[in-house]
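6 protein chains.
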Amino acid sequence: MFTHLDSSGNVAMVDVSGKPGTMRSARASGHIAMSPATIGLLEENALPKGNVLTAAKLAGIQAAKQASALIPLCHQLNLSWIDLSFDVQSDRILITATVKTKEATGVEMEALTAVSVAALTIYDMCKAVDLSMEIGSIRLDEKRGGKRQETQRYR
Amino acid sequence: MFTHLDSSGNVAMVDVSGKPGTMRSARASGHIAMSPATIGLLEENALPKGNVLTAAKLAGIQAAKQASALIPLCHQLNLSWIDLSFDVQSDRILITATVKTKEATGVEMEALTAVSVAALTIYDMCKAVDLSMEIGSIRLDEKRGGKRQETQRYR
Amino acid sequence: MFTHLDSSGNVAMVDVSGKPGTMRSARASGHIAMSPATIGLLEENALPKGNVLTAAKLAGIQAAKQASALIPLCHQLNLSWIDLSFDVQSDRILITATVKTKEATGVEMEALTAVSVAALTIYDMCKAVDLSMEIGSIRLDEKRGGKRQETQRYR
Amino acid sequence: MFTHLDSSGNVAMVDVSGKPGTMRSARASGHIAMSPATIGLLEENALPKGNVLTAAKLAGIQAAKQASALIPLCHQLNLSWIDLSFDVQSDRILITATVKTKEATGVEMEALTAVSVAALTIYDMCKAVDLSMEIGSIRLDEKRGGKRQETQRYR
Amino acid sequence: MFTHLDSSGNVAMVDVSGKPGTMRSARASGHIAMSPATIGLLEENALPKGNVLTAAKLAGIQAAKQASALIPLCHQLNLSWIDLSFDVQSDRILITATVKTKEATGVEMEALTAVSVAALTIYDMCKAVDLSMEIGSIRLDEKRGGKRQETQRYR
Amino acid sequence: MFTHLDSSGNVAMVDVSGKPGTMRSARASGHIAMSPATIGLLEENALPKGNVLTAAKLAGIQAAKQASALIPLCHQLNLSWIDLSFDVQSDRILITATVKTKEATGVEMEALTAVSVAALTIYDMCKAVDLSMEIGSIRLDEKRGGKRQETQRYR
Numbered sequence: 067m068f069t070h071l072d073s074s075g076n077v078a079m080v081d082v083s084g085k086p087g088t089m090r091s092a093r094a095s096g097h098i099a100m101s102p103a104t105i106g107l108l109e110e111n112a113l114p115k116g117n118v119l120t121a122a123k124l125a126g127i128q129a130a131k132q133a134s135a136l137i138p139l140c141h142q143l144n145l146s147w148i149d150l151s152f153d154v155q156s157d158r159i160l161i162t163a164t165v166k167t168k169e170a171t172g173v174e175m176e177a178l179t180a181v182s183v184a185a186l187t188i189y190d191m192c193k194a195v196d197l198s199m200e201i202g203s204i205r206l207d208e209k210r211g212g213k214r215q216e217t218q219r220y221r
Numbered sequence: 067m068f069t070h071l072d073s074s075g076n077v078a079m080v081d082v083s084g085k086p087g088t089m090r091s092a093r094a095s096g097h098i099a100m101s102p103a104t105i106g107l108l109e110e111n112a113l114p115k116g117n118v119l120t121a122a123k124l125a126g127i128q129a130a131k132q133a134s135a136l137i138p139l140c141h142q143l144n145l146s147w148i149d150l151s152f153d154v155q156s157d158r159i160l161i162t163a164t165v166k167t168k169e170a171t172g173v174e175m176e177a178l179t180a181v182s183v184a185a186l187t188i189y190d191m192c193k194a195v196d197l198s199m200e201i202g203s204i205r206l207d208e209k210r211g212g213k214r215q216e217t218q219r220y221r
Numbered sequence: 067m068f069t070h071l072d073s074s075g076n077v078a079m080v081d082v083s084g085k086p087g088t089m090r091s092a093r094a095s096g097h098i099a100m101s102p103a104t105i106g107l108l109e110e111n112a113l114p115k116g117n118v119l120t121a122a123k124l125a126g127i128q129a130a131k132q133a134s135a136l137i138p139l140c141h142q143l144n145l146s147w148i149d150l151s152f153d154v155q156s157d158r159i160l161i162t163a164t165v166k167t168k169e170a171t172g173v174e175m176e177a178l179t180a181v182s183v184a185a186l187t188i189y190d191m192c193k194a195v196d197l198s199m200e201i202g203s204i205r206l207d208e209k210r211g212g213k214r215q216e217t218q219r220y221r
Numbered sequence: 067m068f069t070h071l072d073s074s075g076n077v078a079m080v081d082v083s084g085k086p087g088t089m090r091s092a093r094a095s096g097h098i099a100m101s102p103a104t105i106g107l108l109e110e111n112a113l114p115k116g117n118v119l120t121a122a123k124l125a126g127i128q129a130a131k132q133a134s135a136l137i138p139l140c141h142q143l144n145l146s147w148i149d150l151s152f153d154v155q156s157d158r159i160l161i162t163a164t165v166k167t168k169e170a171t172g173v174e175m176e177a178l179t180a181v182s183v184a185a186l187t188i189y190d191m192c193k194a195v196d197l198s199m200e201i202g203s204i205r206l207d208e209k210r211g212g213k214r215q216e217t218q219r220y221r
Numbered sequence: 067m068f069t070h071l072d073s074s075g076n077v078a079m080v081d082v083s084g085k086p087g088t089m090r091s092a093r094a095s096g097h098i099a100m101s102p103a104t105i106g107l108l109e110e111n112a113l114p115k116g117n118v119l120t121a122a123k124l125a126g127i128q129a130a131k132q133a134s135a136l137i138p139l140c141h142q143l144n145l146s147w148i149d150l151s152f153d154v155q156s157d158r159i160l161i162t163a164t165v166k167t168k169e170a171t172g173v174e175m176e177a178l179t180a181v182s183v184a185a186l187t188i189y190d191m192c193k194a195v196d197l198s199m200e201i202g203s204i205r206l207d208e209k210r211g212g213k214r215q216e217t218q219r220y221r
Numbered sequence: 067m068f069t070h071l072d073s074s075g076n077v078a079m080v081d082v083s084g085k086p087g088t089m090r091s092a093r094a095s096g097h098i099a100m101s102p103a104t105i106g107l108l109e110e111n112a113l114p115k116g117n118v119l120t121a122a123k124l125a126g127i128q129a130a131k132q133a134s135a136l137i138p139l140c141h142q143l144n145l146s147w148i149d150l151s152f153d154v155q156s157d158r159i160l161i162t163a164t165v166k167t168k169e170a171t172g173v174e175m176e177a178l179t180a181v182s183v184a185a186l187t188i189y190d191m192c193k194a195v196d197l198s199m200e201i202g203s204i205r206l207d208e209k210r211g212g213k214r215q216e217t218q219r220y221r
């Protein structure tokens, strides 16, 4: 039942050698909450140049490529596309990541990793002005593809 | 004010060459929420052997070491200690990470990265049995050290 | 004859662009010898929780994924499965690693790397109590697959 | 007693924040056994140009730098020197690695990792001509430095 | 038109999920200029053993594998072949890299990265004897393959 | 004389264990030449948002941190500051990188690596619109610090 534990309860990787390579995608999201004052500063100084969000997007893309190096039982996958978008609200930034592959396993972890590292990058760039930030709501929204080409909605 | 943006609003790294190496530590925390049924399965099958949490702890330690490779404007630091602990509750696992260094900048991002990747690792190992998981409440608890040897509490 | 040296004796990578992707696997093994007293301590304190061997297994899995980054002329491969098992004997721990891929070259080096890094991880965790440890007998046991779908036994 | 297991038997990193940075070194060795025919081919074709051993030396140096990324509970260290030497005998190549640092923990694992990955690199480059190779005798020879500036001989 | 910028001018990765995996190759070149005296020393001391160029070749191969980790919007690709050759002239070393893949995007960046890092490696090994070195002329020579199996010559 | 070759002409790392940690900096520069039309498109679409140059700057910073992993005989260093600036001219973009450390060896290679990877990142983002680009003039401008606290100008 726990695919990553064997019958003795030991950690184990899933053998995906029998699964075909097919188009697969996953979309994950999350947010970083911050004070409205920080959001104001970001919009005034930084967002016009897109710099904080550009850095977060690039960091999220690079982290998605490294998901299998970060998460021990995660398979190596060459990703066909990684995209992140940001929705700046009054007291938080919503982050959404979409990932695609044509390989033999799903890309949920890659999408979740992209969201997490993008949030950490925003945290890093704003931490000098805001001690109240919090990262949350990191979850899968949707997963598509695999052998039945099904869509799994998570919310 | 935004230390990671220069006067033109461009991304910029902070020059820490003038800061002395001193003992510094940071503690961060977060959680992964899951269904009580998943918690039950974990306790029955896996936690007695510590495997899921051992994998999460090791992944968090390894990610903390890689923080500067994941977060673009984060400085390279050799960490003196990285520790993670887990508190399994009825519907969530609380994750706490403590990081120490003797170098010239704080280790907030290293602690936050450890928590985030530990949570992602638990997510990966439980995702076959639980579609409802969510990672949240990732924040700094405390930061110590630096030139004034002060303690900054965040909550 | 030396596939990794060209006709002038210079190091060279093998061109595998003409080889088809097929199911391939390799199994390698090795051991880490230690004093019976260390084995006793491990069984008493650590093995009940599986922690030393869990750490070694996870490190071996992660290293197998990185084989082409460690070994200069080794090709990049996305691995379908990596498994390690341990046999604790009176004065040594035997380590076996099995690796599978569906790509165009064999996975011998990935299996050997997994065994090597798992052994190094055990060494690291026991070095405070045992100065006599030695890693040895690292070799291939079997290789399967490739264009002729043959099995090559090494011992 | 096991410094990498806490009082509950869980994996744990050692806190070295209280240890001073001092000159430390370690020397490790090991061998790769191969058929005399392979040794002959190596000496005839490759060793005059130093290519196989140059590749092995470079791979060992690069792996030593990555030891803390490969071995989960190993500390990050900036190494001051990494050297490998090779002694080609009739049926094996002996490999010795010496590593130095000025940081707060010993470099045993870095030296052992250098030997291991140098051996794996030789294996990779010779595996097309020799199915009988075996890597062994990987052990520490000597460790120097630390707070008491002592020399610990291992054999 | 800029494939790596979206309609708002933001950085964006290209979605290659609709592109088939086909044989693709790219050849890039560049040079490192140095004083004739340095070339003389290299030929006298080092080139007979091939060591500087062997190190540069291995570094170029390893860097090509890491191109997607270095260049943010570059796709992950498993490379089938990476080759570098060197032409030592009176006041410069010409470097040529050829890369092949069977995956869904071109390998221009991998070939250019191989040339760049090979040049940097030569720079590093000669910098103690020559303050005048300069790396230049790094460009694509030819690109083959893709959906139309065309050859694009760049010079 | 060649510090990276031993007395037999073999590659060798320099032992810096006897050198003190002191403030050191290096500045390197280079350019990427492109057609005036590409420069025009960049200024019209992308530069107002700073995206291409932001990506190049972040890639250069991240690559500087990885210099010792890319260049085999380069020492590991924790960098105190990495900065890149860009001067967009009619037919080329000039790139300058400045790097600082407080460790025991110079940071020339880190600065040169930052320039090289920033140029490769610009190449990647513009390659769909310009087949004529060329990276060149990569060289050291100045190096400061070390045991004599001297400044070495290279041009």
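Protein chains in written order, with the working numbering: chain A, 67 to 221; chain B, 67 to 221; chain C, 67 to 221; chain D, 67 to 221; chain E, 67 to 221; chain F, 67 to 221.
Idealized CB from N, CA, C, for every residue including glycine.
Quick caveat, the model's predicted, so the values are computed rather than measured.
Does the distance from the C-beta atom of residue 117 (chain B) to that of residue 136 (chain A) stay below 8 Å? To locate residue 117 (chain B), count along the second sequence from 1; it is residue 51. To locate residue 136 (chain A), count along the first sequence from 1; it is residue 70. Cβ distance not < 8 Å, so residue 117 (chain B) and residue 136 (chain A) don't count as in contact.
Length of the line joining the Cα atoms of residue 122 (chain B) and residue 131 (chain C): Indexing the second sequence from 1 puts residue 122 (chain B) at position 56. Indexing the third sequence from 1 puts residue 131 (chain C) at position 65. Near 18 Å, if we compare the C-alpha coordinates of residue 131 (chain C) and residue 122 (chain B).
Nearest by alpha-carbon distance to residue 127 (chain A): which of A:202, A:158 and A:178 is it? Along the first sequence, one-based indexing puts residue 127 (chain A) at 61. Checked all of A:202, A:158 and A:178; the closest Cα to residue 127 (chain A) is A:178.
Tell me, please, which residues DSSP counts as bridged to residue 99 (chain F). Here residue 99 (chain F) refers to the residue found at position 33 when the sixth sequence is read from its first residue. The partner list for residue 99 (chain F) (beta bridge, DSSP) reads F:158 and F:200.
Those residues which DSSP pairs with residue 164 (chain C) across a bridge: In the third sequence, counting from the first residue as 1, residue 164 (chain C) sits at position 98. For residue 164 (chain C), which the question treats as bridged, DSSP gives the partners C:93 and C:149.
Going by DSSP, what residues sit across from residue 216 (chain E) in a beta bridge? Position 150 of the fifth sequence, counted from the start, is the residue given in the question as residue 216 (chain E). In the DSSP output, where bridge partners are listed per residue, residue 216 (chain E) has E:211.
Does the count of Cβ pairs from the segment 87-102 of chain B and the segment 150-165 of chain B closer than 8 Å reach three? yes
Answer with buried or exposed for residue 138 (chain F), where buried requires no fewer than 16 other C-beta atoms within 10 angstroms of its C-beta. Counting from 1 along the sixth sequence, the entry for residue 138 (chain F) is found at position 72. In summary, residue 138 (chain F) is buried, with 16 or more beta-carbon neighbours lying within 10 Å of its beta-carbon over all protein chains present.
For the alpha helix (DSSP H) containing residue 191 (chain C), name the first residue and the last one. Within the third sequence, the letter at position 125 stands for residue 191 (chain C). Here the alpha helix (DSSP H) through residue 191 (chain C) covers 174-192.
So what does DSSP say about residue 206 (chain D), is it helix, strand or coil? On the fourth sequence, position 140 is the one that residue 206 (chain D) refers to. DSSP places residue 206 (chain D) in the strand class (E or B) of the three-state scheme.
By the DSSP assignment, the alpha helix (DSSP H) with residue 134 (chain A) in it spans what residues? Residue 134 (chain A) sits at position 68 when you count from the first residue of the first sequence. Taken as a continuous stretch (DSSP letters only), the alpha helix (DSSP H) holding residue 134 (chain A) covers 133-136.
Quick check: residue 88 (chain D) and residue 168 (chain D), are their CB atoms within less than 8 Å of each other? As a working mapping, residue 88 (chain D) is identified with position 22 in the fourth sequence. As a working mapping, residue 168 (chain D) is identified with position 102 in the fourth sequence. Residue 88 (chain D) places its beta carbon less than 8 Å from that of residue 168 (chain D).
Residue 223 (chain E) at chain D interface by Cβ criterion, 8 Å: The structure shown does not extend to residue 223 (chain E), since chain E is modelled only from 67 through 221, so no value can be given for it.
Roughly how many whole angstroms lie between the Cα atoms of residue 185 (chain F) and residue 80 (chain F)? Here residue 185 (chain F) corresponds to residue number 119 of the sixth sequence, with the count starting at 1. Here residue 80 (chain F) corresponds to residue number 14 of the sixth sequence, with the count starting at 1. When rounded, the distance between both Cα atoms is 29 Å.
Using a Cβ-Cβ cut-off of 6 Å (strictly less than) and excluding sequence neighbours within five positions of residue 113 (chain F), which residues of its own chain qualify? Numbered from 1 along the sixth sequence, position 47 holds the residue referred to as residue 113 (chain F). Confidence in residue 113 (chain F) is poor, its pLDDT being 46 and thus under 50, which makes the residue's placement unreliable; the coordinate value appears in the next sentence. Nothing meets the Cβ criterion.
Per-residue contacts from residue 203 (chain C) into chain D (C-beta, under 7 Å): One-based indexing of the third sequence puts residue 203 (chain C) at position 137. What residue 203 (chain C) touches in chain D: 200 and 202.
Does the CB of residue 169 (chain D) have a neighbour CB from chain B at under 8 Å? Position 103 of the fourth sequence, counted from the first residue, corresponds to residue 169 (chain D). By this cut-off, residue 169 (chain D) is an interface position.
Distance, residue 199 (chain E) Cα to residue 208 (chain F) Cα: Counted from its first residue, the sixth sequence places residue 208 (chain F) at position 142. Counted from its first residue, the fifth sequence places residue 199 (chain E) at position 133. Inter-residue distance for residue 208 (chain F) and residue 199 (chain E) is about 13 Å (C-alpha atoms, whole angstroms).
Here's a check: name, in chain order, each residue in its chain whose Cβ is nearer than 7 Å to the Cβ of residue 156 (chain F), leaving out the five neighbours to either side. For the purposes of this step, residue 156 (chain F) is identified with residue 90 of the sixth sequence, where counting begins at 1. Taken in chain order, the residues that qualify are 102 and 105.
Kindly identify the DSSP beta-bridge partner or partners of residue 77 (chain C). Here residue 77 (chain C) refers to the residue found at position 11 when the third sequence is read from its first residue. Answer by DSSP bridge pairing, in chain order: C:71.
Secondary structure at residue 85 (chain E), three-state DSSP: helix, strand or coil? Locating residue 85 (chain E) in the fifth sequence gives position 19, counting from the first residue. Residue 85 (chain E) falls in the coil class under three-state DSSP.
Does chain A have any CB closer than 8 Å to the CB of residue 117 (chain F)? In the sixth sequence, residue 117 (chain F) corresponds to position 51, counting from 1. Closer than 8 Å: yes.
Three-state secondary structure (DSSP) at residue 144 (chain B)? The sequence position of residue 144 (chain B) within the second sequence is 78, counting from 1. Of the three classes helix, strand and coil, the one that applies to residue 144 (chain B) here is coil, per DSSP.
With H, G and I counted as helix, E and B as strand and the rest as coil, what does DSSP make of residue 171 (chain C)? Position 105 of the third sequence, counted from the first residue, corresponds to residue 171 (chain C). Correct three-state label for residue 171 (chain C): coil.
As a quick exercise: from D:196, D:174, D:141 and D:181, pick the residue whose alpha carbon is nearest that of residue 151 (chain D). Taking the fourth sequence and counting its residues from 1, one reaches residue 151 (chain D) at position 85. Among D:196, D:174, D:141 and D:181, the Cα nearest to that of residue 151 (chain D) belongs to D:181.
Buried versus exposed, by CB contacts within 10 Å (16 or more), residue 154 (chain E): One-based indexing of the fifth sequence puts residue 154 (chain E) at position 88. The residue is exposed, with fewer than 16 neighbouring Cβ atoms inside 10 Å.
8 Å Cβ cutoff, residue 146 (chain A) in contact with chain E: By one-based count along the first sequence, residue 146 (chain A) stands at place 80. Yes, contact with chain E.
Considering only residues of the same chain and omitting the five flanking positions on each side of residue 149 (chain C), which have a CB-CB separation below 6 Å? As a first step, residue 149 (chain C) must be located in the third sequence, where it is residue number 83. Excluding residues within five positions, the ones whose Cβ falls inside 6 Å are 164.
Which value, in whole angstroms, describes the spacing of the CA atoms of residue 212 (chain C) and residue 86 (chain A)? If you number the third sequence from 1, residue 212 (chain C) lands on position 146. If you number the first sequence from 1, residue 86 (chain A) lands on position 20. Their backbone Cα atoms lie some 18 Å apart in a straight line.
With distances taken between CB atoms, is the gap from residue 146 (chain C) to residue 170 (chain A) smaller than 8 Å? Along the third sequence, read from residue 1 onward, the residue named residue 146 (chain C) stands at position 80. Along the first sequence, read from residue 1 onward, the residue named residue 170 (chain A) stands at position 104. Less than 8 Å separates the beta-carbon of residue 146 (chain C) from that of residue 170 (chain A).
Listing by chain order, which chain F residues have their CB less than 9 Å from the CB of residue 224 (chain B)? It is not possible to answer for residue 224 (chain B), since the shown part of chain B is limited to 67 through 221.
So, is the C-beta of residue 209 (chain F) closer than 8 Å to a C-beta in chain B? If you number the sixth sequence from 1, residue 209 (chain F) lands on position 143. So, not an interface residue.
If you run the structure through DSSP and keep just helix, strand and coil, what is residue 139 (chain B)? To locate residue 139 (chain B), count along the second sequence from 1; it is residue 73. Three-state DSSP puts residue 139 (chain B) in coil, outside helix and strand.
Is there a Cβ from chain B that is less than 8 Å from the Cβ of residue 83 (chain D)? Reading the fourth sequence from its first residue, position 17 is the one you call residue 83 (chain D). With 8 Å as the cut-off, residue 83 (chain D) counts as an interface residue toward chain B.
Is the beta carbon of residue 187 (chain F) sitting closer than 8 Å to the one on residue 120 (chain A)? Locating residue 187 (chain F) in the sixth sequence gives position 121, counting from the first residue. Locating residue 120 (chain A) in the first sequence gives position 54, counting from the first residue. If you check the CB distance, residue 187 (chain F) and residue 120 (chain A) do not come in under 8 Å.
Pick from D:144, D:183 and D:77 that is closest to residue 129 (chain D), judged by C-alpha positions: By one-based count along the fourth sequence, residue 129 (chain D) stands at place 63. Nearest option by C-alpha distance: D:183.
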